[in-house]
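Protein sequences, first through last, are from chains U and R.
Here the numbering used here is used: the first sequence runs in plain steps of one and ends on residue 133.
Here the numbering used here is used: the second sequence runs in plain steps of one and ends on residue 1386.
Glycine included, every Cβ here is placed at the ideal spot set by N, Cα and C.
So the structure is just underneath, and the comments pick up after that.
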Amino acid sequence: MTTESVPRPLQVSTDLSRPYWEAAREGRLLLQQCSICQALRHYPRLLCSHCHSEDVTWREASRRGQVHSWTVAHHPFHPSFSAEVPYTLVTVDLEEGPRALGRWIGDTPVLGQRVVGRFERRDAGVDLVFEKA
Amino acid sequence: MRLYNRSCVTGIGETAYTRKSTRSAFQLQIEASLKAIADAGLKPADIDGVIPIGVISGTADDFIENFGIPDLRFSALIPHGGASPVMALQAAAAAIAGGVCQHVLITFGRNISAMAGNNRAGSRIHTMPQFHYVTEFEHPMGASAPAQLYAPMARRHMELYGTTVEHFGEVAVACREHAILNGNALMTRPITLDDHRASRMIADPFRLLDCSLESDGGAAIIVSDADRARDARHRRIFIAGVAAGHPDSPGSITQRADITSLGIAKAAPRAFAMAGVTHGDIQVAEIYDCFTYAVIRQIEDMGFCARGEGGPFVSGGRLKLDGALPTNTHGGLLSQAHVWGLNHVVELTRQLRGDGGAAQVPNAKVGLVTGYGDLGDGALAILTRE
C-alpha cells in the first residue's frame, strides 16, 4: 500500500530478549516466568523483582486481553512512518497480567474492550497487532 | 530535616531563547553560567561544585578547564531528563549540607538546530539508555516520541475522570499569557481555548499546543551554602524542601501498574514536610510542562487536589497570574523555551526576589518548582524568600 523510503527502526534483540523475538517471528507471544516463584514479567529483564532469581522459563501467552488505553499517531516523529500516519497504538492488559503495546486495527478502541493480538511481518521485523476479539 | 534551609539559590542566568542559534551548546551553557556566577557575586574560580544537566554540552572537566577552577570538590550526573534540574537542587543541597562544597553550578545548554540529521524528540530518545525498553519494543512500531508515549496516560485520565480538551487548553493559554509578559520567550502571540482546540493533532489527545517547544539556549543557577549566601548580591532564596521520586516501572509506561501515576507523588509529601509548609502556602508554582496534561497530573499527584480533579482545578484561568495558583509565570516549556526546566528554577528565584517584572506575583514569599523527566521521574523543590 505504501512505499517507505526510510526503513523502520530495527528491532534489535538482546541476550535477555532473544527468545521473545524468535517466538514473535513464529507468531507466538512469550512472557518471562520466574522459575522459582512463577511470577510473570514483561518486558524482559534480568531479575525477578519478587525473589531476585535470574532463572526464567518462557511461557506462551494467549494474546488475549482488554484495552487499557490508546493513542492515534498523527505526526510522524520518525520519517519511516510518514506514509502510515494516522495509525493507532493500543495498550493492552494481557489475560496473563503483564501489558503489551501494539498497533490497532479497527474502529476507535474502547477502554475495557476485549481484544486479540497477532504478529505481522513488517520490513525486517514483526509488529504486534491487536483487533476486536 | 537536615537539608531544610541549608542552602540558597544565589545566582541565576539565561541566554536569549531562540531557534537556529549560531552558538554551540557549550557556548550557550557557558554564557548562562557566567551570568549566574556574576549574579551571585562570585567569580568563576569560586565554583567548587558542578552538575551539568544532561551532558549534552560541557562536562565537569570542561568547567574546570575554562573557568580555571583550582579545586572542584563535587560533581554529579543526574540521568533523569527534565527531572534532572530539580533533582540537581537536591544533590547540591545535600552536598552543601554535608560540607562537601559551598557553591554548586547547575548548568544546561543546547543547540538543537545544530545537531546533525533529524534532531527532533522522536529521533533522540531511543539513543538514551534509560529508554531501552521503548527502543526495543515500542519505537520500531511507531511509538517513538514522548508525545506518543505519554498520550495513553492522558487518554486513560480523560476516560476515567472526564478530563477534557478544554482542561488541557487552560494550561496552554495560561502559559502563553505569561510568556507574552516575559520578554525572553519564543511564543509571543496570544492564544485562546479555541486556538488550542483547533491546533493540529500530534498524538491524540495531544494537539500541537499541548506540546512543549524545541529551542536553543542555556540556563544556569548557583546553589550556595546558606551562610555564604549572606555575602551574595541578592536576598537569600532558601531551598526549604526538596525531594525526588520515581514511578513504578520507570523505564516503561506500558508496564506501569497505574499508567497515570508519576514519581512526584512519592516526592511531594517529603518536600512539603521538609519545608514545613502546606499547599495553601504556595503563592507561585513553576510546574514542568512538557505537555499540558503533565501539569494537570502533577497538580493532582502533589496533592493540590484529588486524583481526577486536576482538570476542574485548572479551569477558569486558575493558573493565571490573578488565579488561585499562578503557574509558569515565565511561559514554561510550552511558551517560553525548553531548557529541561532549568528556566522554571530561574523563574521561581526571580519571583521570590520580587524581580518578576510584568509577571510578578505580588509579594511572593513561598513558591514551588517541579521537574518531570523521561517516563515519569519527578522532583519538586519549595523555595522561600528570607
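In this structure, phenylalanine 1074(R) keeps its C-beta atom at 9 Å or more from the C-beta atom of alanine 1219(R). Secondary structure of threonine 1135(R) (DSSP, three-state): helix.
Residues of the segment 87-99 of chain U with a C-beta atom less than 7 Å from some C-beta of chain R are Tyr87, Leu89, Thr91, Pro98 and Arg99, listed in chain order. Using a CB distance below 7 Å, the part of the segment 1247-1267 of chain R facing chain U consists of Ser1252, Thr1254, Gln1255 and Ile1259, ordered along the chain. Pairing alanine 1083(R) with glutamate 1159(R), the inter-Cα distance amounts to about 27 Å. Counting along the chain, threonine 1349(R) sits inside the alpha helix (DSSP H) bounded by residues 1342-1353. In this structure, cysteine 1305(R) lies away from leucine 1333(R), with their beta-carbon atoms at least 9 Å apart.
Per the coordinates, the alpha-carbon of histidine 1178(R) lies some 14 Å from the alpha-carbon of arginine 1350(R). With the criterion set as a beta carbon lying under 9 Å from some beta carbon of chain R, the members of the segment 65-87 of chain U are His68, Ser69, Trp70, Thr71, Val72, Ala73, His74, His75, Pro76, Phe77, His78, Pro79, Ser80, Phe81, Glu84, Val85, Pro86 and Tyr87, in sequence order. Taken in chain order, the whole beta strand (DSSP E) runs of length 3 or more contained in the segment 1012-1097 of chain R are 1049-1052. Straight-line spacing of the CA atoms in alanine 1265(R) and serine 5(U) works out to 44 Å. Residues of chain R with a Cβ closer than 9 Å to the Cβ of arginine 103(U) are, in chain order, Met1141 and Gly1142. Rounded to whole angstroms, isoleucine 1106(R) and leucine 1348(R) show a C-alpha spacing of 15 Å. Rounded to the nearest whole angstrom, the C-alpha separation of glutamate 1136(R) and arginine 1006(R) is 43 Å. From the listed residues His1167(R), Val1295(R) and Asn1182(R), the smallest Cα separation to aspartate 1194(R) is found for His1167(R).
Secondary structure at alanine 1324(R): coil, using DSSP grouped into helix, strand and coil. Secondary structure of glycine 1311(R) (DSSP, three-state): helix. Look at leucine 10(U): its C-beta is under 9 Å from a C-beta on chain R. In this structure glycine 106(U) does not touch glutamate 84(U) by the C-beta definition: roughly 16 Å separates them, more than the 8 Å allowed. Two segments are said to touch when three or more pairs of C-beta atoms, one from each, lie closer than 8 Å; by this definition the segment 94-110 of chain U touches the segment 33-42 of chain U. According to the DSSP assignment, isoleucine 1299(R) belongs to the alpha helix (DSSP H) that extends over 1292-1301.
Counting C-beta pairs with one atom in each stretch, the segment 1232-1249 of chain R and the segment 1280-1300 of chain R have fewer than three that are closer than 8 Å, which means they do not touch.
Proximity of chain R to serine 17(U) at the Cβ level (cut-off 9 Å) is accounted for by Glu1136 and Phe1137, in chain order. For the segment 24-110 of chain U, the full-length beta strand (DSSP E) segments reaching 3 residues or more read 30-34, 56-60, 64-73, 87-94 and 99-104 along the chain. In the three-state reduction of the DSSP assignment, leucine 1333(R) falls in the helix class.
Residue burial is scored here from C-beta neighbours: arginine 1233(R) has fewer than 16 other C-beta atoms within 10 angstroms and is therefore classed as exposed. Using a CB distance cut-off of 9 Å, aspartate 127(U) counts as an interface residue toward chain R. At least one C-beta of chain U is nearer than 9 Å to the C-beta of alanine 1147(R).
Taken in chain order, the complete alpha helix (DSSP H) segments of 4 or more residues contained in the segment 1144-1210 of chain R are 1146-1161, 1165-1182 and 1193-1198. With contacts defined by Cβ atoms closer than 9 Å, isoleucine 1296(R) and histidine 1157(R) form a contacting pair. Taking cysteine 1211(R) as the centre and dropping the five residues before and after it, the same chain places the C-beta of Ala1147, Ile1202 and Phe1291 closer than 7 Å to its C-beta, in chain order. The beta carbon of valine 1242(R) sits closer than 8 Å to the beta carbons of Leu1003, Val1086, Leu1089, Gln1090, Ala1093, Ala1271, Met1274, Ala1379, Leu1380, Ala1381 and Ile1382 from its chain, once the five residues preceding and following it are set aside; these are given in chain order.
Of Arg1235(R), Asp1227(R), Ala1154(R) and Gly1310(R), the smallest CA-CA separation from aspartate 1355(R) is found for Arg1235(R).
Within chain R, the residues whose beta carbon sits less than 9 Å from that of leucine 111(U) are Arg1155, Arg1156, Glu1159 and Leu1160, listed in sequence order. Take tyrosine 1161(R), set aside five residues on each side of it, and the residues of its chain with a beta-carbon closer than 6 Å to its own are Gly1308, in chain order.
The beta carbon of alanine 1040(R) sits closer than 7 Å to those of Thr1010, Gly1011, Ile1222, Ser1224, Ala1232 and Arg1233, all from its chain and outside the five residues before and after it, given in chain order.
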